[in-house]
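Novice: Handing you a structure now.
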Amino acid sequence: MNKLDENNKERIYNLLVLKGEALLKGQFLALRQGKACGELHSNFFTAISDQIDPLLIYLINDEITASLLERGPLTKLIEEVKNSHYSDEHFKRLQYAEDDLQDLFANRTDFIIGSNLLDFKVSTFSSFEKHVEELYERLLLRKPRSDKKERKLVELICKYSESSDGDKKASILEQIKKVTFYVSSAEKIDYVLSKSGIQKDRLDEVRIFLNFYRNQRNTIHNLGVHKGKSQSLILNGVDITLENGKPSYTENHNSAIFACHELMDIYELMHTGITGEAVF
Numbered sequence: 016m017n018k019l020d021e022n023n024k025e026r027i028y029n030l031l032v033l034k035g036e037a038l039l040k041g042q043f044l045a046l047r048q049g050k051a052c053g054e055l056h057s058n059f060f061t062a063i064s065d066q067i068d069p070l071l072i073y074l075i076n077d078e079i080t081a082s083l084l085e086r087g088p089l090t091k092l093i094e095e096v097k098n099s100h101y102s103d104e105h106f107k108r109l110q111y112a113e114d115d116l117q118d119l120f121a122n123r124t125d126f127i128i129g130s131n132l133l134d135f136k137v138s139t140f141s142s143f144e145k146h147v148e149e150l151y152e153r154l155l156l157r158k159p160r161s162d163k164k165e166r167k168l169v170e171l172i173c174k175y176s177e178s179s180d181g182d183k184k185a186s187i188l189e190q191i192k193k194v195t196f197y198v199s200s201a202e203k204i205d206y207v208l209s210k211s212g213i214q215k216d217r218l219d220e221v222r223i224f225l226n227f228y229r230n231q232r233n234t235i236h237n238l239g240v241h242k243g244k245s246q247s248l249i250l251n252g253v254d255i256t257l258e259n260g261k262p263s264y265t266e267n268h269n270s271a272i273f274a275c276h277e278l279m280d281i282y283e284l285m286h287t288g289i290t291g292e293a294v295f
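Numbering-wise (my numbering), the sequence shown opens with residue 16 and increments by one.
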């Protein structure tokens with residue numbers, strides 16, 4: 016049996032701690048909302064627990080197979096799959112895939128871990144967006160957004176109707192086209208933040224952090240490469256860097272787990288500030 020990887024052991028430990036906290040807070044919040052103990056429930060914290068699972072399963076399974084000589088039954092498994100479904104027309108395809116598979120397990124584990132961590136960042140921030148939007152809808156019932164855009168549109172339409180100058184009408188028409196009532200996810204998050212009662216110094220930190228997390232998530236659209244202004248963040252003493260034209264970089268992949276923990280803390284502040292319900 017091969018020795019377990021120290022880095023992966025630390026990641027698994029930190030993921031277990033994160034998952035445990037998510038489950039505890041998810042259960043506590045469900046109880047506060049009137050759910051019976053053991054009754055099926057869903058909230059932001061249970062969603063985060065669900066997003067932890069694929070990464071946790073991968074790391075655990077990877078350590079199990081890596082601890083076995085030549086990764087245990089890998090070759091035997093592939094042979095059995097081939098024997099069960101083999102077709103002569105697939106010979107060359109299978110040969111290429113098998114050769115690459117050996118290299119994948121031997122030399123490209125960092126790439127696979129990085130890909131799984133990118134999925135983790137995407138899914139956790141998407142969960143955050145979804146549940147903050149629910150807070151946004153609750154908030155609008157008490158504190159509707161201003162009608163500034165509506166008034167601006169009416170003003171432009173009046174100017175357009177009253178004008179007889181062709182060039183001026185064309186200019187006003189272009190302004191009318193730019194008026195949109197779509198509220199982006201980022202705008203909804205910022206609105207909820209602004210009404211959450213978070214102190215200004217902390218609020219500035221939160222906005223910087225969420226912008227960084229969002230930019231990490233958005234690299235999924237560029238095969239993991241950041242497009243935009245370079246920026247960095249330090250969490251639990253670990254630096255994470257987003258450099259233009261490069262993938263997100265950190266010396267310690269636990270930083271993604273620490274970042275998710277911070278995301279949970281921020282949601283907790285927002286939820287309590289908007290609903291008045293303590294999470295834990």
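Virtual Cβ for every residue (Gly too), placed ideally from N, Cα, C.
None of the values given here were measured: they were computed from a predicted structure.
From what residue to what residue does the beta strand (DSSP E) around Ile255 run?
Specialist: Counting from one through the sequence shown, the residue named residue 255 turns up at place 240. Element bounds for Ile255: 253-257.
Novice: Check whether the region 238-250 and the region 260-279 are in contact - that is, three or more C-beta pairs closer than 8 Å.
Specialist: Yes, the region 238-250 touches the region 260-279.
Novice: In the DSSP assignment, the beta strand (DSSP E) including Ser270 goes from what residue to what residue?
Specialist: One-based indexing of the sequence shown puts residue 270 at position 255. Note, Ser270: premise wrong, no beta strand (DSSP E); alpha helix (DSSP H) at 269-290.
Novice: Determine the DSSP secondary structure at Tyr264, reduced to helix, strand or coil.
Specialist: Translated into positions along the sequence shown, residue 264 becomes position 249. Three-state result, Tyr264: strand.
Novice: Determine the extent of the alpha helix (DSSP H) in which Ser209 is found, giving its start and end residues.
Specialist: Reading the sequence shown from its first residue, position 194 is the one you call residue 209. Ser209 -> alpha helix (DSSP H) spans 200-209.
Novice: Alpha carbon to alpha carbon, how far is Phe224 from Asn230?
Specialist: Taking the sequence shown and counting its residues from 1, one reaches residue 224 at position 209. Taking the sequence shown and counting its residues from 1, one reaches residue 230 at position 215. C-alpha separation (whole angstroms): 10 Å.
Novice: What's the call for Cys275, buried or exposed, on a 16-neighbour Cβ count within 10 Å?
Specialist: Position 260 of the sequence shown holds residue 275. Counting Cβ neighbours within 10 Å, Cys275 comes out buried, since at least 16 surround it.
Novice: Tell me the rounded alpha-carbon separation between Glu266 and Thr256.
Specialist: Translated into positions along the sequence shown, residue 266 becomes position 251. Translated into positions along the sequence shown, residue 256 becomes position 241. In a straight line, the C-alpha of Glu266 is about 10 Å away from that of Thr256.
Novice: Can you have a look at Lys136 and say buried or exposed, based on whether 16 or more other CB atoms are within 10 angstroms of its CB?
Specialist: Residue mapping note: residue 136 aligns to position 121 of the sequence shown, counting from 1. So Lys136 ends up on the buried side.
Novice: For Val294 and Thr287, I'd like the C-alpha separation in whole angstroms.
Specialist: Here residue 294 corresponds to residue number 279 of the sequence shown, with the count starting at 1. Here residue 287 corresponds to residue number 272 of the sequence shown, with the count starting at 1. Straight-line Cα distance between these residues: approximately 7 Å.
Novice: What first and last residue would you give for the alpha helix (DSSP H) that runs through Ser130?
Specialist: Within the sequence shown, residue 130 is the residue found at index 115, counting from 1. Ser130 -> alpha helix (DSSP H) spans 124-157.
Novice: Looking only at C-alpha atoms, which of Phe120, Asp103, Thr61, Phe60 sits nearest to Ala81?
Specialist: As a working mapping, residue 81 is identified with position 66 in the sequence shown. That would be Phe120, whose Cα lies nearest to the Cα of Ala81.
Novice: Please state if the CB of Ala45 and the CB of Ser64 are separated by a distance shorter than 8 Å.
Specialist: Position 49 of the sequence shown holds residue 64. Position 30 of the sequence shown holds residue 45. The answer is no: Cβ separation not under 8 Å.
Novice: Just grab the DSSP bridge partners of Ser247 for me.
Specialist: Along the sequence shown, one-based indexing puts residue 247 at 232. Answer by DSSP bridge pairing, in chain order: Thr256.
Novice: From Asp125, Leu132, Val96, Thr124, pick the residue whose C-alpha is nearest to that of Glu113; which is it?
Specialist: Against the sequence shown, residue 113 aligns to sequence position 98. For Glu113, the nearest C-alpha among the options comes from Val96.
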